[in-house]
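Residue numbers (our numbering): -7 to 110.
Ideal Cβ positions, reconstructed from N, Cα and C, are used throughout, including at glycine.
Structure, as structure tokens:
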Amino acid sequence: MDAIETRARELLDNELRKLGLHEDAHHVGCGADLDRNDQAAINAIAAALTPPDEPDQALLVSMAMLIYHGFGMLTPEQKHSQLREMRKLWDEVMGRGYYSPDNRERYVAMLTARPEVP
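So this is what it looks like as structure tokens:
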């Protein structure tokens, strides 16, 4: 069971408990095999939680314009370069870049690190 399916089960478990369906919630939450209705609900929730494979190009343009307000004035080559950089940022946010939970502490440590004084 991957992280998205696990999260989908947690969400469905919580909603079933809100409805007072504690036995059904336990069945969903414990990782047991599901009936068709519960599996359909898990599939729908997992699909909603799954990030897209590719970013919307308009989103990348919007990101570029936010960082560089003169984006519209750039040459096609410069725009393409900016969009490549925005794609890197998008990949990072989507968990496909350099960051991973394994190296989180290293990045957090960079916030408190100070340069050495000669």
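Here the region 74 to 87 lies against the region 43 to 60, with 3 or more beta-carbon pairs under 8 Å apart.
Spatial neighbours of Ala56 in its own chain (CB-CB distance under 7 Å, excluding positions within 5 residues in sequence) are listed in chain order as Phe63, Gln74, Leu75, Met78.
Around the CB of Ala40, fewer than 16 other CB atoms lie within 10 Å, so the residue is classed as exposed. The alpha-carbon separation between Gly23 and Leu11 amounts to approximately 20 Å. The three-state reading of DSSP puts Ser54 in helix, counting H, G and I together. Counting only runs of 4 or more residues that sit fully inside the region 2 to 85, the alpha helix (DSSP H) segments are 14 to 21, 28 to 41, 49 to 59, 68 to 85, in chain order. Distance from the CA atom of Leu13 to the CA atom of Leu26, rounded to whole angstroms, is 15 Å. The beta carbon of Asn29 sits closer than 8 Å to no other beta carbon from its chain once the five residues preceding and following it are set aside.
Of all alpha-carbon atoms in Arg88, Ala(-5), Glu97, the one lying nearest the alpha-carbon of Glu46 is that of Arg88. When secondary structure is reduced to three states using DSSP, Tyr99 falls in the helix class.
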